[in-house]
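Taking it in order: structure first as structure tokens, then the write-up.
Number of protein chains: 2
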Amino acid sequence: MNITIIGVGLIGGSLAMRLKETNFASAIIGIDNNKENLEKALQLNIIDSLSDLEAGVKEADLIVLAIPVDAIQQLLPNVLDLISKNQVVMEMGSTKQEILDSVDRHQNRGRLVACHPMAGTEYSGPEAALRDLFEGKNMVFCDITRTDEDAFELAESVCEELQMNPIFMHAKEHDLHAAYVSHISHITSFGLALTVLEKEKSQGRIFELASGGFASTVRLAKSSAEMWVPIFKQNREHVLEVLEEHVRQLKLFHDLLEKEDYPAVLKLIKQANKIKRIIK
Amino acid sequence: MNITIIGVGLIGGSLAMRLKETNFASAIIGIDNNKENLEKALQLNIIDSLSDLEAGVKEADLIVLAIPVDAIQQLLPNVLDLISKNQVVMEMGSTKQEILDSVDRHQNRGRLVACHPMAGTEYSGPEAALRDLFEGKNMVFCDITRTDEDAFELAESVCEELQMNPIFMHAKEHDLHAAYVSHISHITSFGLALTVLEKEKSQGRIFELASGGFASTVRLAKSSAEMWVPIFKQNREHVLEVLEEHVRQLKLFHDLLEKEDYPAVLKLIKQANKIKRIIK
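Residue numbers (numbering that gives the first Met the number 0), protein chains in the order written: chain A, 0 to 279; chain B, 0 to 279.
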């Protein structure tokens, strides 16, 4: 099967590596605005050839969009315009509602599979791609009743090749949950990095005390700004809601510590410890 | 050399494992209020024998305190009362100023080495101990001019055996920096866990979207409440200061997103990305 991947970065590149390894893809065609990344992906043998949008889409049985969510929203109607009824498009954006709204009445809506692989790292570009990035992770499929049965079956095979667990959600439900468990983690990390970098200006030695705990909490602050601003934009309302709740929790912590109500701080931490039953 | 470890948990246990492995310790004597942990440490061969405070301190060339900081503050004067001029005490608390203030005028103050190994995990107890926990990490020594030269030399050898890099700071400077790079990370994680757990009450499926990013940011929320409340208490002023700065950064993020100033959000994230030069 010919697969065209639009966006040969961490997600697109990792997908290409795995689908070549299992021989699910006979040829991978790469498309990317960033010519440097495209050349790198070719050199790294992640893609077999490069193309432009029109030719690349025409040659493919399956087209995968793995670009920032604003670029998906902009490009997806064009891609659906270009395909025929035996081609399938998978978009892998981190947000869903706005993207799906923008193609809601498109005549080829049935050929589109909206999905979000719950996998990633703080790095980007084809050099960051990993053949086992998706293994054992969840793949969220959204509003799948709007997708043609054969198109979904193909996407399901891709999911299987990637060794992912399929999960089903409404786009709206997806965006709310993603705000709570993914988007807020990034804001927390960005905020923590900013807090500490601010202090470092006057206190040069601060990082001598940084240990593994700090590194793990701040890791996501290395994430790409160009990828994340569009996500926050498209999921703005949910992100604001969860951010307000998070600030409320931090203020509660602050106020209890300020008035030295240590039994209440202990209770709060014990409540937070309950995350153990979810995160192993 | 006989070493008595007061508190056979993650830190004390890991120290014992490594110092036995290198034969620096000929015998490790364990003391712990928690009898269950003491028995486990014996079973796991982390300690060679168990004792009570008075006998355990008397038998040792080196006494290590690796218990919560409130317990260190309470016990340290008694330990210094019990020792003679050829014994050495290392206290490994995560805060320093209050602990050192409480023994400032003790006649055996010179036998005390105040240090803080910048290593740990979110787990506690002797089963959590790791023989290589300290390897390559920083060991912060505080107010070392108040320690006798021979006592510090012994502590320096321990540091070497653990393969740690020694660093020197004033207690006050240590507590401020620790608030910024260690204590705040824990509060951020506790706050994130509370935020998400709060939402989960009404949205059972939320964790299907949790990925590696969320797990890494929330990892520290599993940390022991009994250990952390005394740290926040002893380092309360610095922790409040950094928490206020952190909330300020999160609110700035919130307000820019609310008024849809995306260029400013982009700039903020690019600023946060600068953490790359510190955390590899």
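All C-beta atoms, glycine included, are put in the ideal place defined by N, C-alpha and C.
Looking at the DSSP output, B/CYS158 sits in no beta bridge, so it has no partner there. For the pair B/ASP69 and B/LYS171, the CB atoms are not nearer than the 8 Å cut-off. Taking a beta-carbon distance threshold of 8 Å, B/ARG204 counts as an interface residue toward chain A. In the three-state DSSP reduction, A/PHE23 falls in the coil class, being neither helix nor strand. Sorting A/ALA263, A/PRO262 and A/SER222 by C-alpha distance to the C-alpha of B/ILE274 places A/SER222 at the top.
With a threshold of 8 Å between beta carbons, B/TYR122 makes no contact with chain A. A contact between stretches requires three or more CB pairs, one per stretch, nearer than 8 Å, and the segment 132-147 of chain B fails this requirement with the segment 43-60 of chain B. Taking B/PRO125 as reference, the option from B/ARG204, B/ILE278 and B/MET16 with the minimal CA-CA separation is B/MET16. Taking 8 Å as the CB threshold, A/GLU197 lines the interface with chain B. In this structure, the alpha-carbon of B/ILE183 lies about 12 Å from that of B/ASP174.
Contact between the segment 210-222 of chain A and the segment 241-260 of chain A is absent: fewer than 3 CB-CB pairs across the two stretches fall below 8 Å. Residues of chain B whose Cβ lies closer than 8 Å to the Cβ of A/GLU244 are, in chain order, THR194, GLU197 and LYS198. Within the model, the alpha-carbon separation for B/GLU134 versus A/THR120 is close to 26 Å.
Neighbours of A/GLY119 in chain B, taken as residues at a C-beta separation under 8 Å, are given in chain order as SER210, GLY211 and GLY212.
When 8 Å is used as the limit between beta carbons, B/ALA177 is near these residues of chain A: LEU208, in chain order.
Ranking A/TYR179, A/ASP131 and A/LEU99 by CA distance to the CA of A/ILE143 puts A/LEU99 first. Counting only unbroken stretches of 3 or more residues, the beta strand (DSSP E) elements lying wholly within the segment 91-122 of chain B are 111-116, in sequence order.
A/SER48 carries a strand assignment under DSSP once its states are collapsed to helix, strand and coil. A/ILE205 carries a helical assignment under DSSP once its states are collapsed to helix, strand and coil. Per DSSP, A/LEU132 lies in no alpha helix (DSSP H) and is assigned neither H nor E. Within chain B, no C-beta atom comes less than 9 Å from the C-beta of A/THR146; the nearest is roughly 19 Å away. In the DSSP assignment, B/VAL63 falls within the unbroken beta strand (DSSP E) covering 61-64. B/TYR179 places its beta carbon less than 8 Å from that of A/ILE205. Interface criterion not met: the Cβ of A/LEU14 is under 8 Å from no Cβ in chain B. Closer than 8 Å to the CB of A/ASN85 there is not a single CB belonging to chain B. Against chain A, the beta carbon of B/LYS232 has neighbours under 7 Å at TYR261, listed in chain order. Of the candidates B/ILE71, B/ILE277, B/ASN164 and B/ASP31, the residue whose Cα lies closest to the Cα of B/VAL139 is B/ASN164. With its beta carbon at least 8 Å from every one in chain B, A/GLU58 lies outside the interface. When beta bridges are read from the DSSP output, A/MET168 appears opposite A/CYS141.
Interface residue (Cβ-Cβ distance to chain B less than 8 Å): A/VAL264 is classified as such. Not a single C-beta of chain B is nearer than 8 Å to the C-beta of A/SER101. No Cβ-Cβ contact shorter than 8 Å links A/ILE62 with A/ILE27. If you draw a 10 Å sphere on the C-beta of B/GLU97, you find 16 or more other C-beta atoms in it, and that means buried.
By the rule that beta-carbons nearer than 8 Å mark a contact, B/PHE151 does not touch chain A. Between B/ALA128 and B/SER25, the CB-CB gap reaches or exceeds 8 Å.
By the neighbour-count definition (other C-beta atoms within 10 Å, threshold 16), B/PRO116 is a buried residue.
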